[in-house]
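Accompanying notes for the structure given below.
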Amino acid sequence: MFADYSWTELGSIFAMQGFAGLILFSVFVLMALGLAIIFGQMGVINMAHGEFMILGAYVTYLCSNIVETYIPSLFGIYFFFAMALAFVAAGALGALVEWSLIRHLYKRPLDTLLATWGLSLILQQAYRSIFGAREVGVSLPNWLLGSVPLTDIIEIPINGIFVMVLTLVIAIGVYFILFRSRMGMQTRAVVQNRVMAGAVGINTEKVDRHTFALGCGIAGIAGSAFTMIGSTGPTAGQLYIVDTFLIVVFGGAASLLGTIASSFAISQAQSTMEFFLSGSMAKVLTLLTVVGILMLRPEGLFSLKIRR
Amino acid sequence: MTHVKSLLSRQELIGLLVVAALIFVVMPLSMDIFRLNLFGKYLTYAFVAIGLVLCWGKGGILSLGQGVFFGLGGYCMAMYLKLEASTPEATAIQSTPGIPDFMDWNQITSLPWFWEPFNSLTFTLLAILVIPTLFAFVIGAAMFKRRVGGVYFAIITQAIAAILTILIIGQQGYTGGVNGITDLRTLKGWDIRTDEAKYVLYYVNGGLLIAVLLLSQFVLKSKLGRLLVAVRDKEDRVRFSGYDVSNIKIFVFCFAAVLSAIGGAMFTLQVGFMSPSFVGIVPSIEMVIFCAVGGRLSIFGAVYGTLLVNWAKTTFSEIFPELWLFGLGGLFIAVVLVFPNGLSGLYRSYLAPLVDRLISRGGSSYPPEPASPPPDLDGEANAKPAE
Amino acid sequence: MKRLKDLIDHRLSRRSVLSGTAAAAMLATASTFAPAFADDVNTTGLAVTDDTVKVGILHSVTGTMAISETGSVQAEKLAIEQINAMGGVLGRKIEYIQEDGASDWPTFAEKAKKLLVNDKVAAVFGCWTSASRKAVLPVFEQYNGMLYYPTFYEGLEQSPNVIYTGQEATQQIIAGIDWVAKEKGAKSFYLLGSDYIWPRTSNKIARKHIEKLGLKVVGEEYYPLGHTQFNSVINKIKLKKPDVIYAIVVGGSNVAFYKQLKAAGIDMTKEKPLLLTISVTEDEIRGIGGENIEGAYAAMKYFQSLDNENNAEFVKSFKEMWGDDIVIGDVTQAAYLGPWLWKAAVEKAGSFDIDKVRLASPGIELTTAPEGYVRVHENHHLWSKTRIGLAKPDGQYELVYETTDLMEPDPFPEGYQ
Amino acid sequence: MNTISNNTDFLLSIESLSVSFDGFKAVNDLNLYVDENEIHVIIGPNGAGKTTVLDLICGRTKATAGSIKFRKKELTQLREHEIVREGVGRKFQNPSIYEDLTVFENLELSFPRGRSVFGALTFKRDAEVTTRVREIAEMVFLDALLNMQAALLSHGQKQWLEIGMLLIQDPELLMLDEPVAGMSVSERKQTAKLLNEITKGRSVMVVEHDMKFVEDIAHRVTVLHQGKILSEGSMAKVQADPKVIDVYLGH
């Protein structure tokens, strides 16, 4: 299939394709980080993860409308407020959900799946009732649109760069929160031994709520960022859920590094296959490979061998 | 009578009779054929829910991919019916007469090899049972031998459901794509679309459901039934009692798969088509929810749970089309939070003692803990309590 | 292939004739034994009283398809209201019963059956996806109902119980490709679609037609419904440098595709490559954002911006009823035609009887259609013009071309299969 | 104590056994032998690898190197249930019983018959089973509680039930991980009596912290430290070993 093209063209295309893979990687990491915290660290199967993302997207939509109407001078930078608000809104809803629902279910992980599925139905209908069944268009400041041309063929999408930078910032942020802050230490202590953590004076309920809210908040930021590349509608969250869970499981549920590694592996596999095969088959093959590897190595990519 | 006794306690016998009466007497008398057909469709989901009671409620294996097996059974049946509906005479207008219409639209000029055997009803009926079993066996063997369990199993089965859906939709020349296999007419020349046929199919479906209930009851009453609970609670202990735990899990997963497939085949017969929308993630999760609402530990509960959720879905969506998802979502949350043992839990706490008092002469009592399987009221262990 | 079409026509007309005679016979008996007024126009027990007639509206109000189907529901309700304001059909006010298909095909079949069997409606306006139509089709044929189906679709179907008010694939595709080939000098095409029957069938027809014109297809590709990552295919498009991207992406994927296309530096206003779609109406642009799709061309039969009196009136009343910020797409307009076509057929037949309405339908003309003039073909599809619109940043299309003649609907096109 | 004699005389011989977790050697080149009809107690400080040794024998953990021979049969290649069927029984640190089932059902499930899927489907609760269950229940002091749900037993009774579940399998080697942990003084005495009774005709390996209890039951004691044997012999000999004293008191 390459016979018709010059080497420069091919080189450019592979560079572009590599970049496309990196964008996909960032998107996956952004999608999965929140879930990796909630599912990987807390063991809660949050089927409403996609709906938390969409909440972030709707918050961004509202922000864009309000800013455009009332303070158009700030439109160029509204996206940053929007992301912060998305984090707060999704995090607050997360805390509420943890308090009213999840905290009763820590001993029954499979039941969290059912309850959060119910929650996702309710959220979907809520979005539909509030924002209408149709997709909404989120208008973006001009500097976020378009691309930077490097050569004739190589053009770097600005929103791609934005997503990559954002992912990096959030990943570093999560690393610091979980591994360098007191809250993170407490979180990990609670995850490893709830009773003991309680005994040494950690307020486990508070830690749970904060951790869950953090995961949801990150989902909210992800949703906000995805308004640049995807659709915002009541059921759009459903599109992400299977991929997201597979990424987290494939990475080894308890390992954040694993989540990042698996995002990388899956995104590269998918974008390479998409290039050589047709879209649907690439998707099927990627999923099959992931499932196949998981069957051979159920603990995922990254997992510590531990004494039981 | 002793056989019945060892298989069903009095409570369970009554439960079974009530289900049978509901299916065979109450519903047909109180509904027109339209509603009855609808009810029959719901009952096909009950097959899946019963399988989930064994697999998930008893054995602790949550599969989010039961739609796969429901779909496999349904598609096998649909392939046979479609071939019967695609006689060269009926499809004379196609460029290639004698093959299903959707193949003709996709430039397929001869019947694909894997469709060939579905010309035979015997093969089809066997395939409905065997193909899902084999598929479940392969998945089960791969996962359970490597001790993949719990949440991981759930998510992998969910991914399998997603993959199969994409495949079916993508290979529309062979599968009918997103539209599914539609316009099914006759079974061995017998028109399945008439009201009379719908009655017959409804009763066949009901009969099969009772048979499946009895079969499941047999499994649950056997030592295997207790082993399932044991595996759920203390998998290692079972293993260190000399059992190959993976085989037990594979068995129950295959068993649940076969039940789902039977449901799927009956669905195709009663509804008249099959499409990928019954294979994917959403229907698979819904089926788990039917089971949960019924009370995940009771096979009778599963039947009622399925009926209740579907009835609620239909009714809510007729009365409040814009609001019914709130109701449905709320129901799921309520089931998990407030009634974790579902309908059967409610029955056990409120109705069962009453029924017990009515039917027994004060002999047996019900256990306080609903999480346990029904005790052997007439078993030897109880007959001669130790002194 | 000629044979195929003849056979269909033959079958259809023979069926119509047979049912026609039967209906005539029944009418005779009915008028002999039951001279009451309502029975004259209703010999088969439909829900018709002396001053009302019941019809059904069957779309998804919930689930993934609700996004698309909302507009159709609104259009059908508007048409019904307007008809009632004009005195109804045969002097009877239309009462509608709305059912939710919930984006679930068996639910559609179930509700269709309820509408026909329990509610005995005289006509149903509904369905959107092909899958839902395929699911309800046997129900309509078995219980002899009448369905008015609004969506542009892949063709390959012709039921005596359905009137297809949207365009079938050839009407939409052939004119569009002819236009880009002739006006824009396009030589090569990249075909892209969501992975299901409509895009696949449409691209098949497009490919045949492109090859027939001696032009080239340089790529053809499908992505699963709901797919949101299109960077790889965009790179492939950049590599192949086609003159035209022929896109039939639907739903949420649409939004992702156009946003990413724009972000990847493909400026459609430069028309290098040019993008021609048959799947993006004004409805979809709301989700995509006008700035993201500016410069794309769409081939369909209706745009909200059409400049004619019918349309001005239609857009005005639509906004009065459903709010100022509403947009109207091709399917919405086609859905609006449904109740009007039915009214015309009933009045021509002088009866609500399904068989008589069916017989009366071919040849029905609508001069008041927002899109201009339409006529029902023998094959139950509509004669209509095909138009090309250029997407503007405000989310509207600007009409750049329309066929001079009405395009003949041809659901089983010869040489395109 | 000439351990390197002819290992075929032993019921269980462990030779050069090692296992490492991510580089950490939990068990390091271990040699250990268990005689017929012997109560062999393994003691050692926390993290010495005691439980890991039991895990290795019963197949729960796979060895990195070395061999475990039971009646001349290599166990390292077998899967857990196969090792059990060879005649090795294992009790866990925390009572591992089926809480949702009755005492009777707990014991019945452990009865070594109908262990295949179809065997379990066709299993009949006949006289042989009930007699044997009652016999064992009496042995582990639970004969009055046969129909009680296991979840309702006291902690000590659960420990006994688990021992009973092992006994009904009639294993030749019984491995007990802290059998008296959490028991009252009187329960401890009863358990010691029980252990002495059940060693008739079988060997028992016990991991235990309670030195008083170890003294009561041990025929031979092995002291593990950092995955290696520190000392071995009778209780008296081990207690006098300066290395042992150093490890226990030095920490």
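Chain order of the listed sequences is P, C, A and F.
Residues 359 to 666 (the working numbering) make up the first sequence, in order.
Residues 20 to 406 (the working numbering) make up the second sequence, in order.
Residues 120 to 536 (the working numbering) make up the third sequence, in order.
Residues 774 to 1024 (the working numbering) make up the fourth sequence, in order.
Virtual Cβ for every residue (Gly too), placed ideally from N, Cα, C.
Item: Judging by CA-CA distance, which residue of F:942, F:982, F:986 and F:935 is the nearest neighbour of residue 958 (chain F)?; Value: F:986
Item: Does residue 307 (chain A) come out as helix, strand or coil in the three-state DSSP assignment?; Value: strand
Item: For a cutoff of 8 angstroms on Cβ pairs, would you count residue 976 (chain F) as touching chain C?; Value: no
Item: Check each residue of the region 164-195 of chain C: if its Cβ is closer than 8 angstroms to any Cβ of chain F, include it; give the result in chain order.; Value: none
Item: For residue 185 (chain A) and residue 178 (chain A), I'd like the C-alpha separation in whole angstroms.; Value: 8 angstroms
Item: With a threshold of 8 angstroms between beta-carbons, can residue 450 (chain A) be considered close to chain P, or not?; Value: no
Item: Report the residue from C:252, C:85, C:71 and C:42 whose alpha carbon sits nearest the alpha carbon of residue 869 (chain F).; Value: C:252
Item: Count the other CB atoms within 10 Å of the CB of residue 424 (chain P); is the residue buried (16 or more) or exposed (fewer)?; Value: exposed
Item: Take residue 507 (chain A) as the anchor and find which of A:476, A:333 and A:418 has the nearest alpha-carbon.; Value: A:418
Item: Any idea what DSSP makes of residue 534 (chain P), helix, strand or coil?; Value: helix
Item: Of all the options C:377, C:289, C:352 and C:117, which has the alpha carbon lying nearest to the alpha carbon of residue 64 (chain C)?; Value: C:289
Item: Under a CB-based cut-off of 8 angstroms, is residue 87 (chain A) close to chain P?; Value: No answer is possible for residue 87 (chain A): it lies beyond the span of chain A, which begins at 120 and ends at 536.
Item: Looking at C-beta atoms only, is the number of pairs between the region 171-180 of chain C and the region 215-232 of chain A that lie closer than 8 angstroms three or more?; Value: no
Item: DSSP state of residue 823 (chain F), grouped into three classes?; Value: helix
Item: By alpha-carbon positions, which one of A:195, A:288 and A:442 ends up nearest to residue 243 (chain A)?; Value: A:195
Item: Any beta-carbon of chain A closer than 8 angstroms to the one on residue 330 (chain C)?; Value: no
Item: From residue 943 (chain F) to residue 366 (chain C), what distance separates their C-alpha atoms?; Value: 42 angstroms
Item: At what residues does the alpha helix (DSSP H) containing residue 438 (chain A) begin and finish?; Value: 428-441
Item: So that I know if they touch, is there some Cβ in chain P lying closer than 8 angstroms to that of residue 197 (chain A)?; Value: no
Item: Can you tell which of A:378, A:503, A:302 and A:211 has its C-alpha closest to the C-alpha of residue 363 (chain A)?; Value: A:302
Item: Any idea if residue 142 (chain A) is buried or exposed, counting beta-carbon neighbours within 10 angstroms, 16 or more meaning buried?; Value: Residue placement at residue 142 (chain A) is flagged as unreliable, the pLDDT there being 42, under the threshold of 50; the coordinate-derived value follows with that caveat. Its Cβ being crowded by 16 or more others within 10 Å, residue 142 (chain A) is buried.
Item: Could you check where the alpha helix (DSSP H) with residue 297 (chain A) kicks off and where it finishes?; Value: 288-302
Item: Taking the alpha-carbon of residue 256 (chain C) as reference, which of F:1011, F:1003, F:880 and F:782 has the nearest alpha-carbon?; Value: F:880
Item: Taking the beta strand (DSSP E) that residue 175 (chain A) belongs to, which residues open and close that run?; Value: 171-178
Item: Please go through the same chain and pick out, in chain order, the residues whose beta-carbon is closer than 6 angstroms to the beta-carbon of residue 627 (chain P), but skip the five residues on each side of it.; Value: 644
Item: Work out the CA separation of residue 125 (chain C) and residue 447 (chain A) for me, nearest whole Å.; Value: 33 angstroms
Item: Compare the C-beta of residue 593 (chain P) with all C-beta atoms of chain A and state if any pair is closer than 8 angstroms.; Value: yes
Item: Going along the region 82-98 of chain C in order, which residues come within less than 7 angstroms of chain F, judged by CB to CB distance?; Value: none
Item: To which residues of the same chain is residue 441 (chain P) closer than 6 angstroms at the C-beta, ignoring the five residues directly before and after it?; Value: 579 and 582
Item: Pull up the DSSP beta-bridge partners for residue 371 (chain P), would you.; Value: For residue 371 (chain P), which the question treats as bridged, DSSP gives no partner whatsoever.
Item: Under 8 angstroms, do residue 912 (chain F) and residue 929 (chain F) count as touching if we go by C-beta distance?; Value: no
Item: Which whole-angstrom value describes the C-beta separation of residue 965 (chain F) and residue 989 (chain F), a residue pair presumed to lie in contact below a C-beta threshold of 8 angstroms?; Value: 5 angstroms
Item: Are residue 269 (chain C) and residue 156 (chain C) closer than 8 angstroms when you measure CB to CB?; Value: yes
Item: Measuring only from the beta carbon, is residue 323 (chain A) closer than 7 angstroms to any heavy atom that is part of the ligand FMN?; Value: Ligands are entirely absent from the displayed structure, and the ligand FMN is therefore not among its contents.
Item: Is the beta carbon of residue 202 (chain C) less than 8 angstroms from the beta carbon of residue 256 (chain A)?; Value: yes
Item: Near residue 335 (chain C), which residues of its chain fall below 6 angstroms by C-beta distance, leaving aside the five closest residues on each side in sequence?; Value: 343 and 346
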